[in-house]
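In what follows, a single structure is set out as structure tokens and then discussed.
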Amino acid sequence: MSLIVQKFGGSSVANAERVFNVANIITSKYKEGNDVVVVVSAQGDTTDDFIEKANEINPEPSKREMDVLLSAGEQISMSLLAMAIEKLGFPVVSLTGWQAGFRTSSVYGNARIKRIHCDRIRKELDKKNIVIVAGFQGLNRFDDITTLGRGGSDTSAVAIASAMHADLCQIYTDVEGVFTADPRKVKDARKLSEISYDEMLELATLGAQVLNNRSVEMAKKYNIELEVLSSLTKKPGTIVKEAAKMEKMLISGVAKDNNVARISIIGVPDRPGLAFKIFSKLAAKDVNVDIILQSIGRDGTKDISFTVIKDRAKDAVQMLKEYADVLGAADVVYDENVAKVSIVGAGMETHPGIAADMFEALYDAQINIQMIATSEIKISVLIDAKDADSAVSAIHNKFFSVVNE
Ligand code: ADP
Ligand code: ASP
Ligand code: MG
6 MSLIVQKFGG SSVANAERVF NVANIITSKY KEGNDVVVVV SAQGDTTDDF IEKANEINPE
66 PSKREMDVLL SAGEQISMSL LAMAIEKLGF PVVSLTGWQA GFRTSSVYGN ARIKRIHCDR
126 IRKELDKKNI VIVAGFQGLN RFDDITTLGR GGSDTSAVAI ASAMHADLCQ IYTDVEGVFT
186 ADPRKVKDAR KLSEISYDEM LELATLGAQV LNNRSVEMAK KYNIELEVLS SLTKKPGTIV
246 KEAAKMEKML ISGVAKDNNV ARISIIGVPD RPGLAFKIFS KLAAKDVNVD IILQSIGRDG
306 TKDISFTVIK DRAKDAVQML KEYADVLGAA DVVYDENVAK VSIVGAGMET HPGIAADMFE
366 ALYDAQINIQ MIATSEIKIS VLIDAKDADS AVSAIHNKFF SVVNE
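So the sequence shown is numbered by this note's numbering: it starts at 6 and just counts up by one.
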């Protein structure tokens, strides 16, 4: 007998038919004699709909109340799924995140799981119940409801798998696994049979939303092997693990992130200490900076540009404008019509020329690069948002129809 954790995303439980489909997947594992703990997301677009509803009432609700609202989505789906399993004649119990013992940090809307008290889940498994847990939610030290950030149910599932030493953690979604690019956007995208934690973490962080990046971070930390697969077909999915065989591919995937904005501080005096001042100010405001580009000083001044996530851009610009006089900068400007397109692959550590191939693909598609950032296993470029989809296709085509064949 094994302990299996299964997570089902929003589209997998979007309507009654899908809820029964998922109930059948769960009960077939249970019938084999396994203990089954299920983490479920809110149905379909429920979370987005709730955000819209809140907006109609108050465009700037407190984060606390927002979490009270958003956590309700997962409560709906957990109970409906439990009812479907009851209907199929199996013993089942649904638990909210707090009933299941999830304790989190205090940050509403983006809380981190601190620990899980698993006794209730264990008790229910001992009673031979299938346990359905609402994903994406917990309680903080004030006993307030928190949510884990968009896509957070993946992390709930990995956290349970780790806390309970599960034998298997399956992430069921609406595609057949992790692909070399978003299969909904790139028709030649290929399914990967395996991918390493490090590469998956980069892809997830750079915009491949098939797995939440924190869930991958946690899976790596606790060495939990993940299987990403479709709830709608019975095909084998993708295994995410430490030493993945990468089918001799130089890069494992292309990802796109539209949730970025570029900020430029123009005419900063060309002397030591300015970058320090700017970025420590931003850090003090909790603004995470990504790609940074500084021009060579000319006529005693230079420009510093960097990217931040879109919803922090206005705050950051306002703060920097107020600070511009102190810095001696001429202006602060920002652009939200940008996108970050990245390639990820452990192969690039040992193969020269990958960056050149990526830039050639962009050149052939006549796409201008605004900024570039690299690490051992990734290269990102910042481009105009309107070019993002064609950039992904051009780059994907370059690597997956030429280099890898
Ligand atoms: P769920 O509701 O199951 O959590 P998500 O919508 O969060 O599902 O994630 C699945 C989606 O991720 C897919 O429908 C697909 O469009 C998108 N996606 C983006 N990049 C990739 C990729 N490299 N491989 C697979 N899916 C990807
Ligand atoms: N329902 C939440 C969201 O839409 C959490 C999740 O689906 O993982 O982001
Ligand atoms: Mg998701």
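The beta carbon of each residue, even a glycine, is placed where N, CA and C say it ideally should be. The structure presented is a predicted model; accordingly, all values stated were derived computationally and were not measured.
Not a single heavy atom of the ligand MG lies less than 7 Å from the C-beta of Asp304. Annotation for Asn217 indicates a beta carbon within 7 Å of some heavy atom of the ligand MG.
Spatial neighbours of Thr52 in its own chain (CB-CB distance under 7 Å, excluding positions within 5 residues in sequence) are listed in chain order as Leu75, Gly78.
In its chain, beyond the 5 residues on either side, Val313, Ile314, Arg317 have a beta carbon closer than 8 Å to the beta carbon of Asn293.
Not one heavy atom of the ligand MG lies closer than 7 Å to the C-beta of Asp50. By the Cβ-count criterion, Glu204 is buried, with 16 or more other Cβ atoms from all chains shown falling within 10 Å of its own Cβ.
Under the Cβ criterion (8 Å, minimum of three pairs), the region 272–281 does not count as touching the region 348–368. The Cβ atoms of Leu231 and Ile176 sit closer than 8 Å to each other. In terms of Cβ geometry, Glu181 and Gly143 do not form a close pair [threshold 8 Å]. Only residues of its own chain outside the window of five on either side were considered, and among them Leu208, Leu211, Gly212, Ala213, Ser347 have a CB closer than 6 Å to the CB of Ala260, listed in chain order. In this structure, the CA atom of Ser99 is about 42 Å from the CA atom of Glu341.
Just measuring C-alpha positions, the residue of Ala139, Gln104, Ile137 sitting nearest Arg125 is Gln104. If you check the C-beta of Asp159 against the ligand ASP, you find a heavy atom less than 7 Å away.
Taking the Cβ of Gly212 as the reference point, every heavy atom of the ligand MG lies at 7 Å or farther away. In the three-state DSSP reduction, Leu86 falls in the helix class (H, G or I). A distance below 7 Å between beta-carbons, with the five flanking residues on each side excluded, links Ser398 to the following residues of its chain, in chain order: Val191. In the assembly as shown, Phe147 is an exposed residue. Its beta-carbon has fewer than 16 other beta-carbons within 10 Å.
Secondary structure at Ser220: helix, using DSSP grouped into helix, strand and coil. For Phe284, the shortest C-beta to heavy atom distance toward the ligand ADP is 7 Å or greater.
Arg267 is bridged by DSSP to Thr312, Asp340.
In the DSSP assignment, Lys12 falls within the beta strand (DSSP E) that extends over 8–13.
The residue from Phe405, Ile382, Ser16 with its alpha-carbon nearest to that of Gly352 is Ile382. The beta carbon of Val24 lies closer than 6 Å to those of Val18, Leu85, Leu86, Ala89 in the same chain, with the five residues before and after it left out.
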